[in-house]
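Colleague: Just so you know, the protein sequences line up as chains A and B, in that order. In terms of my numbering, the first sequence opens at residue 155 and continues consecutively. In terms of my numbering, the second sequence opens at residue 155 and continues consecutively. Glycine included, each C-beta is placed from N, C-alpha and C at the ideal position. I'd like to ask you about the structure that follows.
There are 2 protein chains.
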Amino acid sequence: MIPKSHPRYESLVMREKIAKGVEEGIVHITGLIAHGRGEAFDYLIGEKTQDFAMKAAEAAAAFLKLAQHPVISVNGNVAALAAEEVVKLADAAGARIEVNLFHRSEERIRKIIGVLEAAGGRNILGNEGDARIPGLEHDRALCSSEGIYSSDVVLVPLEDGDRCEALKKMGKVVLTIDLNPLSRTARCADVTIVDNVTRAIPNIRRSYESIDDAEKIIEEWDNRKNLQKALDFICSRLQKIYSEC
Amino acid sequence: MIPKSHPRYESLVMREKIAKGVEEGIVHITGLIAHGRGEAFDYLIGEKTQDFAMKAAEAAAAFLKLAQHPVISVNGNVAALAAEEVVKLADAAGARIEVNLFHRSEERIRKIIGVLEAAGGRNILGNEGDARIPGLEHDRALCSSEGIYSSDVVLVPLEDGDRCEALKKMGKVVLTIDLNPLSRTARCADVTIVDNVTRAIPNIRRSYESIDDAEKIIEEWDNRKNLQKALDFICSRLQKIYSEC
Numbered sequence: 155m156i157p158k159s160h161p162r163y164e165s166l167v168m169r170e171k172i173a174k175g176v177e178e179g180i181v182h183i184t185g186l187i188a189h190g191r192g193e194a195f196d197y198l199i200g201e202k203t204q205d206f207a208m209k210a211a212e213a214a215a216a217f218l219k220l221a222q223h224p225v226i227s228v229n230g231n232v233a234a235l236a237a238e239e240v241v242k243l244a245d246a247a248g249a250r251i252e253v254n255l256f257h258r259s260e261e262r263i264r265k266i267i268g269v270l271e272a273a274g275g276r277n278i279l280g281n282e283g284d285a286r287i288p289g290l291e292h293d294r295a296l297c298s299s300e301g302i303y304s305s306d307v308v309l310v311p312l313e314d315g316d317r318c319e320a321l322k323k324m325g326k327v328v329l330t331i332d333l334n335p336l337s338r339t340a341r342c343a344d345v346t347i348v349d350n351v352t353r354a355i356p357n358i359r360r361s362y363e364s365i366d367d368a369e370k371i372i373e374e375w376d377n378r379k380n381l382q383k384a385l386d387f388i389c390s391r392l393q394k395i396y397s398e399c
Numbered sequence: 155m156i157p158k159s160h161p162r163y164e165s166l167v168m169r170e171k172i173a174k175g176v177e178e179g180i181v182h183i184t185g186l187i188a189h190g191r192g193e194a195f196d197y198l199i200g201e202k203t204q205d206f207a208m209k210a211a212e213a214a215a216a217f218l219k220l221a222q223h224p225v226i227s228v229n230g231n232v233a234a235l236a237a238e239e240v241v242k243l244a245d246a247a248g249a250r251i252e253v254n255l256f257h258r259s260e261e262r263i264r265k266i267i268g269v270l271e272a273a274g275g276r277n278i279l280g281n282e283g284d285a286r287i288p289g290l291e292h293d294r295a296l297c298s299s300e301g302i303y304s305s306d307v308v309l310v311p312l313e314d315g316d317r318c319e320a321l322k323k324m325g326k327v328v329l330t331i332d333l334n335p336l337s338r339t340a341r342c343a344d345v346t347i348v349d350n351v352t353r354a355i356p357n358i359r360r361s362y363e364s365i366d367d368a369e370k371i372i373e374e375w376d377n378r379k380n381l382q383k384a385l386d387f388i389c390s391r392l393q394k395i396y397s398e399c
């Protein structure tokens, strides 16, 4: 057991959840490495939601508010870390949930659907694989015709760069949560929330419930400028952490 | 198979080696997360040996040159990524190799010794656990009386912060290889090589073979100043990567 007083308690709890997810067959083994990369960037932003992340969560909420057919894509890491929060957001925003994996396996999809159902989710998509995202090869292209394929706005936390680009090419509004502000996903999405999924997903939900003028928020949104703020913040923090020692 | 033409070939090969290490019981599951953190920082330094890392490798070589009883500590990740290079460095510098694990298990120590022996290593220490590093609890304190315990200079790549501090308190010269220039290990060591172990270990060996005046190198060495250079480099790169897109 990790004591709650540990300065990095939240981070260690997440690490345990991901390791447990691997044991249970929910998280792919390479998901551990991806989680480690996320830890490094989370550390660099202070393991807290910073202003740029709050603004991006608000922009994501605004896009969800104006969507006709919003979909939330869930992979193993997201399910292990934030299944309940995903379900709550889907309920609040009237979005469908689709399990969509980079390393696709029917067994893992079934297990992840189980995790989401245990968290209160209903009518979870993902098993069908009855449509394809154009421009991607093999199983990575598979998606659900009722879900991602026909969505107008899609929230893809922790997404692969190739797939993010392919979704953009389909004309979708792509919202992502990615701790690495330099990743291809971060740079190609319409809204990039540089934050941990465990903090970002509830932030989107709270914004969704509180924002009035979604059109205005979208009109003023500049993803590139916001990413630059994230980079500037990391730089200033790199200097500050060091001078504190 | 990963094509050699892939822009991130080396990084993907390392990832495969670590994943294989987990399958074979050489790398602890949390070693995957640690590897991911390393990947993130390696990305930030451009996945190349930068000047500050070359200088630090030279300083490490100088300390090894003047050592009476140098020891190289090896864990699962280091064995999976750089067993041969560790053996070559130990041979060149007349250093003992000790397998020393954060998550100690006799089986894993035995397996890692096997990997090092297959790479040409002889008289590998680690199984004994017949001495303790003062100030550490449980198995994490265990080390070899002939190895780390009686060493004057110890190279601990990818070390835990607590243990790095404990080794310093024992009066040892601590040389480390750590991609995170902000980690406690990076900040407490006498020499911190901010680089990937696969590049840093051969760099130390080549420096060892070429340097003339080890005393002078040590006299002029300022680890803190060198770490600052690493941080400055990362900051400038954060800005540059982004403007390239």
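Assign H292 (chain A) to one of two classes, buried (16 or more other C-beta atoms within 10 Å of its C-beta) or exposed (fewer than that).
Modeller: Under this definition H292 (chain A) is an exposed residue.
Colleague: Hey, how far is the Cα of V348 (chain A) from the Cα of D316 (chain A)?
Modeller: Looking at the two C-alpha atoms, the distance is approximately 19 Å.
Colleague: Which residues in chain A sit within 8 Å of H393 (chain B), going by Cβ to Cβ distance?
Modeller: Here the sequence assigns Gln to residue 393 (chain B), which means His is not the residue at that position. Residues of chain A passing the Cβ test: L385, C389.
Colleague: Can you tell me which of the three DSSP states T339 (chain B) falls into?
Modeller: Note: T339 (chain B) maps to helix in three-state DSSP.
Colleague: Would you say D332 (chain A) touches the ligand ATP, meaning its beta carbon is less than 7 Å from a heavy atom?
Modeller: Ligands in the displayed structure: none, and consequently the ligand ATP is not present.
Colleague: In the DSSP output, what is I251 (chain B) paired with across the bridge?
Modeller: Its beta-bridge partners are B:I226.
Colleague: Per DSSP, which residues does I331 (chain B) bridge with? Please list them.
Modeller: DSSP lists B:P311, B:I347 as partners of I331 (chain B).
Colleague: Can you pull out the residues from the stretch 261-291 of chain B whose beta carbon lies closer than 8 Å to at least one beta carbon of chain A?
Modeller: Answer in chain order: no residues at all.
Colleague: Kindly say whether A188 (chain A), judged by its beta-carbon, lies nearer than 8 Å to any beta-carbon of chain B.
Modeller: Interface residue, yes.
Colleague: At least one CB of chain E closer than 8 Å to the CB of R191 (chain B): is that the case?
Modeller: Although the question refers to chain E, the structure presented lacks it and instead comprises the protein chains A and B.
Colleague: Label E374 (chain A) either buried or exposed according to how many other C-beta atoms from any shown protein chain fall within 10 Å of its C-beta, with 16 as the threshold for buried.
Modeller: It is exposed - the Cβ of E374 (chain A) has fewer than 16 other Cβ atoms within 10 Å.
Colleague: How would you list, in chain order, the residues of chain A whose beta-carbon sits under 8 Å from the beta-carbon of I183 (chain B)?
Modeller: What I183 (chain B) touches in chain A: A173, V176, L186.
Colleague: Counting contacts by CB-CB distance shorter than 8 Å, is C399 (chain B) in contact with chain A?
Modeller: Any reading at C399 (chain B) is ruled out, since the residue's pLDDT is 45, under 50, leaving its predicted position unreliable.
Colleague: Would you say D376 (chain B) lies against chain A (beta-carbon separation less than 8 Å)?
Modeller: It does not; no Cβ of chain A falls within 8 Å.
Colleague: If the cut is a Cβ gap below 9 Å, which residues of chain A does R250 (chain B) touch?
Modeller: In chain order: nothing, as chain A lies at least about 30 Å away.
Colleague: So with Cβ pairs under 8 Å, would you call A169 (chain A) a contact of chain B?
Modeller: Reading off the sequence, residue 169 (chain A) comes out as Arg, not Ala. Chain B, which has a Cβ nearer than 8 Å to the Cβ of R169 (chain A), makes this yes.
Colleague: Helix, strand or coil for R317 (chain A)? Go by DSSP, reduced to three states.
Modeller: DSSP places R317 (chain A) in helix when its eight states are reduced to three.
Colleague: Leaving out the 5 sequence neighbours to the left and right, which residues in its chain are closer than 6 Å to G301 (chain A) when beta-carbon positions are compared?
Modeller: Excluding positions up to five away in sequence, the list reads V225, R250, E252, L279.
Colleague: Hey, quick one: how far does the alpha helix (DSSP H) through M324 (chain A) stretch, first residue to last?
Modeller: Where M324 (chain A) is concerned, there is no enclosing alpha helix (DSSP H), given that its DSSP letter is neither H nor E.
Colleague: Just list the alpha helix (DSSP H) runs in the stretch 157-192 of chain B, keeping only unbroken ones of 4 residues or longer that don't cross its boundaries, in chain order.
Modeller: Runs found: 163-177.
Colleague: What does C297 (chain A) pair with, by DSSP beta-bridge criteria?
Modeller: DSSP output for C297 (chain A) lists A:A285 as bridge partner(s).
Colleague: How far does the alpha helix (DSSP H) with A368 (chain B) in it reach, from first residue to last?
Modeller: Taken as a continuous stretch (DSSP letters only), the alpha helix (DSSP H) holding A368 (chain B) covers 368-373.
Colleague: When you compare each of B:E239, B:L235, B:V228 to L255 (chain B) by their alpha carbons, which one comes out closest?
Modeller: L255 (chain B) has its Cα closest to that of B:V228, out of B:E239, B:L235, B:V228.
Colleague: Looking at I365 (chain A) and A216 (chain A), is the spacing between their C-beta atoms short of 8 Å?
Modeller: Yes, they are a contact pair.
Colleague: Assign L290 (chain B) to one of three DSSP states: helix, strand, or coil.
Modeller: Correct three-state label for L290 (chain B): coil.
Colleague: Closer than 8 Å, Cβ to Cβ, to anything on chain B: give me those residues from the stretch 345-368 of chain A, in chain order.
Modeller: So nothing in the stretch comes that close.
Colleague: How long is the line joining the alpha carbons of K174 (chain B) and A210 (chain A), rounded to whole angstroms?
Modeller: Looking at the two C-alpha atoms, the distance is approximately 38 Å.
Colleague: Just to confirm before moving on: does the CB-CB distance between N350 (chain B) and L329 (chain B) stay below 8 Å?
Modeller: The answer is no: Cβ separation not under 8 Å.
Colleague: Taking 6 Å as the limit between beta carbons, can you name the residues of its chain near R338 (chain B), skipping five residues before and five after?
Modeller: These residues qualify, in order along the chain: G315.
Colleague: Less than 8 Å between the C-beta atoms of C342 (chain A) and K322 (chain A), yes or no?
Modeller: Taking 8 Å as the Cβ cut-off, C342 (chain A) and K322 (chain A) qualify as a contacting pair.
Colleague: Using a cut-off of 7 Å between C-beta atoms, extract the partners of F195 (chain B) located in chain A.
Modeller: Residues of chain A passing the Cβ test: A194.
Colleague: Leaving out five residues before and five after A244 (chain A) in sequence, what residues of the same chain have Cβ atoms less than 8 Å from its Cβ?
Modeller: So the list reads I226, R250, I251, G275, once near-sequence residues are dropped.
Colleague: Taking the alpha-carbon positions, what's the E177 (chain A) to H189 (chain A) distance?
Modeller: In a straight line, the C-alpha of E177 (chain A) is about 15 Å away from that of H189 (chain A).
Colleague: Can you round the beta-carbon distance between E239 (chain B) and S361 (chain B) to whole angstroms, since I take them to be within the 8 Å contact cut?
Modeller: About 13 Å separates the two Cβ atoms, so there is no contact after all.
Colleague: Leaving out five residues on either side along the sequence, give the residues of the same chain with a beta carbon under 6 Å from the beta carbon of E313 (chain B).
Modeller: If we look at E313 (chain B) and ignore the five residues flanking it on each side, its Cβ neighbours are T330, T339.
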